[in-house]
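Residue numbers (this note's numbering): 419 to 767.
Okay, so here's the structure we're looking at.
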């Protein structure tokens, strides 16, 4: 069994008005011995902005802003900027986040070379209603859960609600010559590859993507601890064995939903191929600060940093705190490779 060390809470809510309710789900960018943390900050009106903190080493807070680095600016994000993820792509930084307008949750992004001066690029997830999406997805071979979630969100937010998209994160390099975005149309993790970012804003591109959505699935729920859905966590890490993806899996229980962190290895050339997947979560909500908060029983990984031989995993704890845990990097890969996924052969007709 893999040994994972709880490092504890790094950031608590403060008296600052933009983060006096909760801080959680941090985007992480490691720059040498320093770690930049762009975290979701929630005020008592339940509106989210993005706060900034800087760590020396993996845990020591040496700087923390008293105002948000990014706050709602456009209509599509008027109720909040949530759950940022930061990918280093060449000399550029790509930050995805959830843009919430009070009804719709969509993936938006920012980009730039300076972590403190990223520029908005707009929405990059499908701006298509669930009603339309359900018709498009009906042509693909997928499980009934997709349509259950479509019905759920139509009841929750009305029949004009757009596809709820969260957990967007970019690969740190092109896959087969294209930019690759992991995204989550419930209940699975899918991959959307494009030649340029403008394609993400093209309705025809997304119509085709949804029409063949079964072919774009990267990861499905497999085990009981992720039986409701899975979602991408931190940006994929390239290793000689494959792309290491730290993700979250959610399960429904009578006492409420439980969020755990898992690990999977994806093929370097074709991330839709799973090389290995741990059958158990590497982190589950066991500590008090993970069990009690704005949302109980949540471990929600969104960033990583590597210090010597240890991989630090940064996560939102109970939707209330920013916390971290660490694991020996080589041990994690070694453990993963014990659980290689058997390839299934397709019978010839």
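Heads up, the beta-carbon is just placed ideally off N, CA and C, and yes, glycines get one too.
Nothing here was measured: the structure is a model prediction, and the numbers come from that model.
Cβ pair residue i, residue j closer than 8 Å
| i | j | result |
| --- | --- | --- |
| residue 546 | residue 599 | no |
| residue 482 | residue 510 | no |
| residue 512 | residue 436 | no |
| residue 504 | residue 586 | no |
| residue 607 | residue 650 | yes |
Status (buried if at least 16 other CB within 10 Å, exposed otherwise) for residue i
| i | result |
| --- | --- |
| residue 760 | exposed |
| residue 715 | buried |
| residue 556 | exposed |
| residue 697 | exposed |
| residue 430 | exposed |
| residue 574 | exposed |
| residue 594 | exposed |
| residue 748 | exposed |
Cβ-Cβ separation, residue j to residue i (assumed contact under 8 Å), whole Å
| i | j | result |
| --- | --- | --- |
| residue 458 | residue 442 | 5 Å |
| residue 721 | residue 707 | Residue 721 to residue 707, Cβ: 18 Å. No contact. |
| residue 690 | residue 612 | Residue 690 to residue 612, Cβ: 16 Å. No contact. |
| residue 742 | residue 476 | 7 Å |
| residue 526 | residue 508 | Not confirmed; about 21 Å, so no contact. |
| residue 744 | residue 729 | 7 Å |
Where residue i sits in the DSSP three-state scheme
| i | result |
| --- | --- |
| residue 513 | strand |
| residue 568 | helix |
| residue 492 | coil |
| residue 753 | helix |
| residue 487 | coil |
| residue 642 | helix |
| residue 432 | coil |
| residue 419 | coil |
| residue 574 | helix |
| residue 481 | strand |
| residue 559 | coil |
| residue 746 | strand |
| residue 437 | coil |
Test: residue i CB closer than 8 Å to a CB of chain C
| i | result |
| --- | --- |
| residue 692 | This model lacks chain C altogether; it includes just one protein chain. |
Sequence-distant residues of its chain with Cβ nearer than 6 Å to residue i (five each side left out)
| i | result |
| --- | --- |
| residue 646 | 668, 669, 670 |
Sequence-distant residues of its chain with Cβ nearer than 7 Å to residue i (five each side left out)
| i | result |
| --- | --- |
| residue 625 | 554 |
| residue 424 | 705, 743 |
Chain-order list of residues whose beta-carbon lies under 8 Å from that of residue i (same chain, five-residue window excluded)
| i | result |
| --- | --- |
| residue 701 | 422, 678, 679, 717, 719, 731, 733, 743 |
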